[in-house]
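First comes the structure, then the notes that go with it.
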Amino acid sequence: MVTECIKEDESDFYNVQNELSRYKIFYLNRFILTEIIMCLILTLFINDKFRNKIIAFVERNKIFEENRFFIRSLDLNCITLISFCVFLIDYIHLLNKYGIPDSFIDQAFYVKYLISPLLYIISYKIFNKFGRLPLYILIGFLLLFLQPKILIPLVLNMNRLLKGYEKFDINLFDDRIKRKLIEFNIEDNVYISKIPDSVKNMGVFKYFTRILVLIDGSKREYENNPKMLNSMFSHELGHVSRGYKDMIFISVCEWLLDILIIFLIDFFSFRSRKSSKLSRFTNFFIFCLVYFLILRDYTFVFSLILKRNEEVYADKYAVALGYREELAYSLFKITYKFSCLQESSIYNFIKFVHPSTITRIKRICR
4 MVTECIKEDE SDFYNVQNEL SRYKIFYLNR FILTEIIMCL ILTLFINDKF
54 RNKIIAFVER NKIFEENRFF IRSLDLNCIT LISFCVFLID YIHLLNKYGI
104 PDSFIDQAFY VKYLISPLLY IISYKIFNKF GRLPLYILIG FLLLFLQPKI
154 LIPLVLNMNR LLKGYEKFDI NLFDDRIKRK LIEFNIEDNV YISKIPDSVK
204 NMGVFKYFTR ILVLIDGSKR EYENNPKMLN SMFSHELGHV SRGYKDMIFI
254 SVCEWLLDIL IIFLIDFFSF RSRKSSKLSR FTNFFIFCLV YFLILRDYTF
304 VFSLILKRNE EVYADKYAVA LGYREELAYS LFKITYKFSC LQESSIYNFI
354 KFVHPSTITR IKRICR
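Converting from the sequence shown to our numbering requires adding 3 to each position, the first position being numbered 1.
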């Protein structure tokens with residue numbers, strides 16, 4: 004069924020693919036250019052002439068003299084000032100590269116990559132007098148708290164989350180879906196958007212001990228297309244079946260990556276190399292090169308791999324329930340056949356939070 008559908012719209016399908024490919028090349032070139040510019044900016048700061056001007060400005064204005072909590076090392080003061088500017092530029096760069104977040108969850112995901120390295124630099128300057136072990140414990144706790152899957156339920160009110168939703172009639176599902184809803188005890192936790200939307204999407208939100216399934220789109224369209232409704236919802240049941248395993252696993256993995264970045268900042272930025280006569284400032288420059296050119300993107304890739312793995316598992320769960328053809332057709336219909344120009348943000352080729360849709364379709368059909 005899916006193969007026949009693709010053949011019918013083969014020309015439109017490949018035209019869309021070619022258009023997306025051109026955009027990918029554009030974003031790749033802009034990404035490389037941005038990295039080169041950032042490296043050039045950093046090379047200005049490592050130059051003694053510019054560095055001495057910054058130090059002279061700090062001394063002349065006595066910026067840190069009256070604050071007894073700040074380290075008196077002018078190198079570290081310069082590092083903090085520059086790092087704030089650099090990580091802020093990097094945050095803007097991420098927005099340009101991956102698109103402007105359209106949800107609070109995505110915004111928290113982006114901000115984490117701005118805050119995590121900067122958090123340690125500021126905390127080091129404030130709490131270093133208590134020793135390294137208390138500092139590591141404090142930073143570790145703060146980074147764990149800043150994990151989006153932990154932070155969001157703490158700061159997002161349930162009433163605010165469900166403000167634009169209403170209870171969904173589960174009688175529209177077939178018997179297989181109903182049995183699973185009862186099994187997972189979420190038959191009263193399915194909601195649909197009050198305002199009909201052209202974007203058809205479903206998502207699982209885990210709010211402490213309560214698991215919600217939120218449906219976006221038109222209720223009438225779902226009623227007229229029960230195969231799409233059941234197949235898409237069976238995918239979400241795959242996420243529900245995992246309970247809190249995926250949330251805990253992804254949060255812990257990302258937390259460990261954040262801790263690794265903290266240790267690298269400590270290793271490169273705050274310890275002078277007497278044997279090689281490298282200053283803290285030079286070490287910070289080396290760390291910036293490593294972080295911006297390699298480490299930052301690998302943390303993104305690792306996080307995306309974890310999230311994509313959860314999507315693959317959810318697809319397998321839907322196939323096991325008997326929705327192979329229906330799910331493959333629904334994915335194709337939503338993302339390529341009728342919504343080429345108005346894709347749902349989670350299927351956007353820039354963010355790539357989900358695996359490639361055509362790859363998912365091929366895997367499901369196998």
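Glycine is no exception: its CB is placed at the ideal position from the N, C-alpha and C atoms.
Here the structure is a predicted model, which is why all the values come from computation and not from measurement.
May I have the straight-line CA-CA distance separating residue i from residue j, to the nearest angstrom?
i, j, result
"Ile142", "Leu232", "44 Å"
"Met161", "Arg327", "34 Å"
"Leu259", "Leu136", "17 Å"
"Arg369", "Gly246", "27 Å"
"Asn174", "Lys319", "24 Å"
"Ile218", "Ile308", "25 Å"
"Ile361", "Leu165", "32 Å"
"Lys336", "Leu324", "20 Å"
"Arg213", "Phe176", "21 Å"
"Phe266", "Lys248", "27 Å"
"Phe372", "Arg223", "Residue 372 falls outside the range modelled here, since the chain spans only 4 to 369, and no answer is possible."
"Ile140", "Phe148", "12 Å"
"Lys365", "Ala321", "15 Å"
"Val315", "Arg163", "30 Å"
"Tyr358", "Ser196", "The residue you asked about is not Tyr; residue 358 is Pro in the sequence shown. If I take the Cα positions, the gap works out to 25 Å."
"Asn228", "Gln150", "37 Å"
"Asp200", "Arg182", "28 Å"
Return the residue from the list the options that minimises the CA-CA distance to residue i.
i, options, result
"Val207", "Ile195, Asp178, Glu239 and Pro199", "Glu239"
"Phe305", "Leu324, Lys248 and Phe252", "Phe252"
"Lys203", "Gly220, Gln150, Ile214 and Tyr139", "Gly220"
"Lys170", "Ile198, Glu186 and Lys248", "Ile198"
"Glu226", "Glu257, Asp172 and Val216", "Asp172"
"Asp178", "Gln150, Asp200 and Lys230", "Lys230"
"Phe187", "Val315, Lys365, Val322 and Leu215", "Leu215"
Quick one, are the C-beta atoms of residue i and residue j less than 7 Å apart?
i, j, result
"Ile367", "Ala331", "yes"
"Met250", "Met205", "no"
"Tyr194", "Tyr168", "yes"
"Ile153", "Ser244", "no"
Using 6 Å as the cut-off, classify the Cβ of residue i as near or not near the heavy atoms of the ligand ATP, replying yes or no.
i, result
"Lys181", "With respect to the ligand ATP, the structure offers nothing, as it holds no ligand at all."
Rounded to the nearest angstrom, how far is the Cβ of residue i from that of residue j, given a contact under 8 Å?
i, j, result
"Ile262", "Leu146", "7 Å"
"His242", "Glu313", "7 Å"
"Arg363", "Leu334", "6 Å"
"Ser237", "Ile180", "7 Å"
Buried or exposed for residue i, going by 16 or more other Cβ atoms inside 10 Å?
i, result
"Asn192", "buried"
"Phe67", "Residue placement at Phe67 is flagged as unreliable, the pLDDT there being 49, under the threshold of 50; a coordinate-derived value is accordingly withheld."
"Asn70", "Low per-residue confidence applies at Asn70: pLDDT is 46, beneath 50, and the placement is therefore not dependable, though the value from the model is reported in the following sentence. Exposed: under 16 other Cβ atoms inside 10 Å."
"Glu257", "buried"
"Arg276", "Low confidence applies to Arg276: its pLDDT is 47, below 50, so where it sits in the model is not reliable, and the reading given next is rough at best. Exposed, since its Cβ has fewer than 16 Cβ neighbours within 10 Å."
"Leu344", "Because the pLDDT of Leu344 is 33, which lies under 50, any placement of that residue in the model is unreliable, and the number read from its coordinates should be weighed accordingly. With fewer than 16 Cβ atoms within 10 Å of its Cβ, Leu344 is classed as exposed."
So, is the C-beta of residue i closer than 7 Å to a C-beta in chain D?
i, result
"Arg179", "Of the chains in the structure shown, none is chain D; there is only one protein chain."
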